[in-house]
Amino acid sequence: MVKLVNLLVRQDDLSHEEFVEYWYEEHVPLAKQLPHANKYATSVPTAPERSEYDGIVELYFDDMSDLQAAFESEVGQEVQADLANFAKPDAGPTLYVDETVQMDGDA
111 MVKLVNLLVR
121 QDDLSHEEFV
131 EYWYEEHVPL
141 AKQLPHANKY
151 ATSVPTAPER
161 SEYDGIVELY
171 FDDMSDLQAA
181 FESEVGQEVQ
191 ADLANFAKPD
201 AGPTLYVDET
211 VQMDGDA
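Residues in the sequence shown are numbered from 111 upward in steps of one, following the numbering used here.
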C-alpha cells in the first residue's frame, strides 16, 4: 500500500472555514472520482489558529504505478488544477510513503 500525504495551506484570501468549506463541498467530490484510489481521508486541525497547516489529505493506492495513473488521468488533472482554488499547492510538504500498520483497533 502506497500513501500520498499532503499538508495543505489555504490560499491567502480564504479564512480557514472557507478553505474547509470549499475543500469538502467542491474538491472532495471531484477527488473521490480518482481512478485506482483505495481510500481518501481528510483531517483538519481542531485549533486552526495554532496550526501551521489547514488540513491533511491522505490518498491510498496499491502501488506507485496506480498513484501515477490516477494523477495522469483526466480526473487527476482536474483534481490538481482545482487544488489551487483553495490551497497553495507547493506550500506544504507532500510525502509518498509505504504504510505499515503497527496497531489496528480490529486486531
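Note that the Cβ used here is the ideal one computed from N, Cα and C, for glycine as well.
Span separating the alpha-carbon of residue i from that of residue j
| i | j | result |
| --- | --- | --- |
| Q187 | D216 | 36 angstroms |
| A194 | P139 | 16 angstroms |
| H126 | S153 | 13 angstroms |
| A191 | D172 | 24 angstroms |
Limits of the unbroken alpha helix (DSSP H) element including residue i
| i | result |
| --- | --- |
| G202 | From DSSP, G202 is part of no alpha helix (DSSP H); its letter is neither H nor E. |
| V112 | No alpha helix (DSSP H) contains V112, which is instead part of the beta strand (DSSP E) from 112-118. |
| V130 | 126-132 |
Anticipated Cβ contact below 8 angstroms, residue i with residue j, distance rounded
| i | j | result |
| --- | --- | --- |
| D164 | L118 | 5 angstroms |
heavy atom of the ligand MN below 7 angstroms from residue i C-beta
| i | result |
| --- | --- |
| D176 | You won't find the ligand MN in this model; it holds no ligand whatsoever. |
For the region 137-191, which segments carrying the beta strand (DSSP E) assignment without a break, of at least 3 residues, lie completely within its bounds, in sequence order?
149-153, 165-171
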